[in-house]
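Take a look at the structure set out below.
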Amino acid sequence: MEIFVDDTPTLAKDALLATARGRSGLGDFGDMWFIEPMDRYLESLRSEARLTDAGAAAQREVMVKGLVSRLRLIDDLKRHPGILDEKVEVAGIILGLPRTGSTIFHRLLASTPGMTAIRWWEGQNYAPFPGEERGSPVERRAAAQVMLDGWLSVAPGLMSIHPLDIDGPDEEIIILGQMFVSTMLEGMAFVPTFADWLSGYDQSCGHRDLIVVLQYLQWQDPSRAGRKWILKSPSNLPFAEVAASAFPDAQLIMTHRDPMQVVPSYISMMASLYGMSAEVPDELVGRFWIERLDEWLRAFEVARNRIGEDRFIDIDYRQVAREPLVQAKRALARFGISDTPEAEAALTEFLAGNGREQRPAHDYSLERYGLTAEEVEARFAAYRARYLA
1 MEIFVDDTPT LAKDALLATA RGRSGLGDFG DMWFIEPMDR YLESLRSEAR
51 LTDAGAAAQR EVMVKGLVSR LRLIDDLKRH PGILDEKVEV AGIILGLPRT
101 GSTIFHRLLA STPGMTAIRW WEGQNYAPFP GEERGSPVER RAAAQVMLDG
151 WLSVAPGLMS IHPLDIDGPD EEIIILGQMF VSTMLEGMAF VPTFADWLSG
201 YDQSCGHRDL IVVLQYLQWQ DPSRAGRKWI LKSPSNLPFA EVAASAFPDA
251 QLIMTHRDPM QVVPSYISMM ASLYGMSAEV PDELVGRFWI ERLDEWLRAF
301 EVARNRIGED RFIDIDYRQV AREPLVQAKR ALARFGISDT PEAEAALTEF
351 LAGNGREQRP AHDYSLERYG LTAEEVEARF AAYRARYLA
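Residues 1 to 389 (full-length UniProt numbering) are what the sequence shown spells out, left to right.
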């Protein structure tokens with residue numbers, strides 16, 4: 001299988017920007033702060049991602065799609081300046097290591113009356129398509145379904161690892177990735193040099209624009225007026241202070257699970273995602289991600305001390321499994337959401353239709369990725385002692 005090489009123009013910055021302008025018929029990207037992280041990401045893709053030709057084409061399409069959404073956003077802001085008058089209230093931000101039950105907890109909270117979240121189809125194309133009637137995103141939902149079906153045809157095991165639903169709540173990491181400032185990018189491609197650079201980059205511009213996107217989504221769907229947003233992303237773990245500063249009134253929910261389950265599960269997920277577009281040895285994936293997850297937690301601990309304990313709600317995966325309603329209500333109470341019969345009915349209905357047993361089993365092991373239980377235990381001993389004792 002042919003591997004993408006450096007002299008291929010497919011992922012050249014100027015070509016990507018020109019394609020987005022041509023596809024949209026628009027030319028104004030607004031503040032072009034995103035060019036620096038875009039350059040860094042493209043450089044890492046070319047030098048180390050090991051993309052196949054099909055993978056390079058897929059990367060190109062994802063980037064062009066995001067650039068087109070930005071062009072359409074800027075155009076809509078000019079034509080509808082009232083978008084920026086939308087009052088967005090982010091009540092909670094879920095962070096924590098990936099594979100800690102954060103997805104189910106996010107969707108559980110979002111199912112409550114008075115709450116809302118970014119939907120998967122919105123993350124893929126947050127700007128309306130030309131001619132779309134406000135509040136009727138039929139074509140964008142259809143495009144998202146085609147995209148999801150394509151993913152599952154290549155990697156059918158994804159549904160056992162991470163349940164995907166175009167209408168389900170999903171992560172702001174998807175939108176931030178289109179601005180080239182989220183850990184989604186290192187999940188899409190093996191780009192350790194970019195990941196290292198991103199760790200030291202000030203991502204506040206991305207969160208500033210994220211606020212505008214939330215206003216935009218709320219403006220598109222008037223039914224969201226007065227609802228509280230719940231955000232969620234593992235990207236919030238290493239960059240907790242950025243998220244906390246962008247949304248100073250939000251509660252920070254940290255989900256916890258034993259790294260002995262988290263680490264192999266997440267590495268398996270990353271290997272599956274890489275395998276859709278690249279040829280990266282399992283051992284390389286394992287080594288990169290165990291070190292990256294360790295780094296994320298170390299950065300978080302420093303940030304948590306600076307942010308202050310009063311902002312945090314700790315949620316143990318085991319408690320969510322035993323008493324999901326109790327844990328959900330604990331968080332919702334901090335958001336100012338009352339425990340009403342309507343809220344309980346919505347939570348109960350969600351849980352009835354979203355049990356883990358309704359999905360295929362996810363098989364994974366440390367050994368496949370060149371790791372041992374002893375290394376995981378040693379690296380995450382302090383985390384386990386603090387949060388899971």
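Just so you know, even glycine gets a beta-carbon here, dropped at the ideal spot from N, CA and C.
CA-to-CA distance, Leu108 to Gly92, given in whole angstroms: 13 Å
C-alpha gap between Glu171 and Pro264, whole angstroms: 21 Å
Contacting residues, own chain, Cβ-Cβ under 7 Å from Phe300 (five flanking each side not counted): Leu237, Pro238, Ala240
Distance CB(Gln178)-CB(Ile83) smaller than 7 Å: no
Inter-stretch contact at 8 Å, needing at least 3 Cβ pairs: the region 197-208 / the region 265-272: These segments do not touch.
Collapsed DSSP secondary structure at Leu42 in the structure displayed: helix
Sequence-distant residues of its chain with Cβ nearer than 6 Å to Glu89 (five each side left out): Excluding positions up to five away in sequence, the list reads Lys228.
DSSP three-state assignment for Glu375, whether helix, strand or coil: helix
Close beta carbons around Ala328, own chain, < 7 Å, minus the five adjacent residues each side: These residues qualify, in order along the chain: Leu108, Leu109, Leu347.
Three-state secondary structure assigned by DSSP to Leu97: Correct three-state label for Leu97: coil.
Contacting residues, own chain, Cβ-Cβ under 7 Å from Thr280 (five flanking each side not counted): In the sequence on display, residue 280 carries Val and not Thr. Once the five neighbours on either side are set aside, the close Cβ partners of Val280 are Arg50, Phe190, Tyr274.
Cβ contact check for the region 13-26 and the region 56-65: 3 or more pairs under 8 Å: yes
CA nearest to the CA of Phe105, picked from Pro137, Arg257, Ala20, Gly187: Nearest option by C-alpha distance: Arg257.
Coarse secondary structure for Met147, derived from DSSP in three states: helix
Backbone CA spacing between Met184 and Leu198 [nearest angstrom]: 11 Å
Local conformation of Glu172 per DSSP, three classes: coil
Which listed residue (Leu26, Ile230, Val320) has its alpha carbon closest to that of Thr255: Val320
Endpoints, the beta strand (DSSP E) within which Asp76 is located: Asp76 -> not in any beta strand (DSSP E); alpha helix (DSSP H) instead, spanning 53-79.
Inter-residue Cα distance where the pair is Leu45 and Pro192: 10 Å
Close beta carbons around Ala246, own chain, < 6 Å, minus the five adjacent residues each side: His207
Nearest-angstrom beta carbon gap, Ala127 and Ser182 [assumed within contact, 8 Å]: Wrong, their Cβ atoms sit about 18 Å apart, outside the cutoff.
Neighbourhood of Val154 by C-beta distance below 6 Å, restricted to the same chain and skipping five residues each side: For Val154, where only same-chain residues beyond five positions count, the Cβ hits under 6 Å are Met276.
Spatial neighbours of Leu73 in its chain, beta-carbon cut-off 8 Å, leaving aside the 5 residues before and after: Gly30, Tyr126, Ala127, Val212, Val213, Tyr216
Short Cβ contact (7 Å threshold) for Ile94 with Lys232: yes
Nonlocal neighbours in the same chain, by C-beta distance under 7 Å from Thr19, ignoring five residues either side: Val64
Complete alpha helix (DSSP H) runs within the region 243-284 (minimum length 4 residues, chain order): 259-275
Residue(s) in a DSSP beta bridge with Met115: Residue pairing by DSSP puts Met115 in a beta bridge opposite Lys228.
For Ile315 and Glu86, the rounded distance between their alpha carbons: 31 Å
Opening and closing residue of the beta strand (DSSP E) in which Asp314 lies: Taken as a continuous stretch (DSSP letters only), the beta strand (DSSP E) holding Asp314 covers 312-316.
Distance between Ala381 and Gly157 (C-alpha atoms, nearest Å): 31 Å
Span of the alpha helix (DSSP H) around Trp121: 120-124
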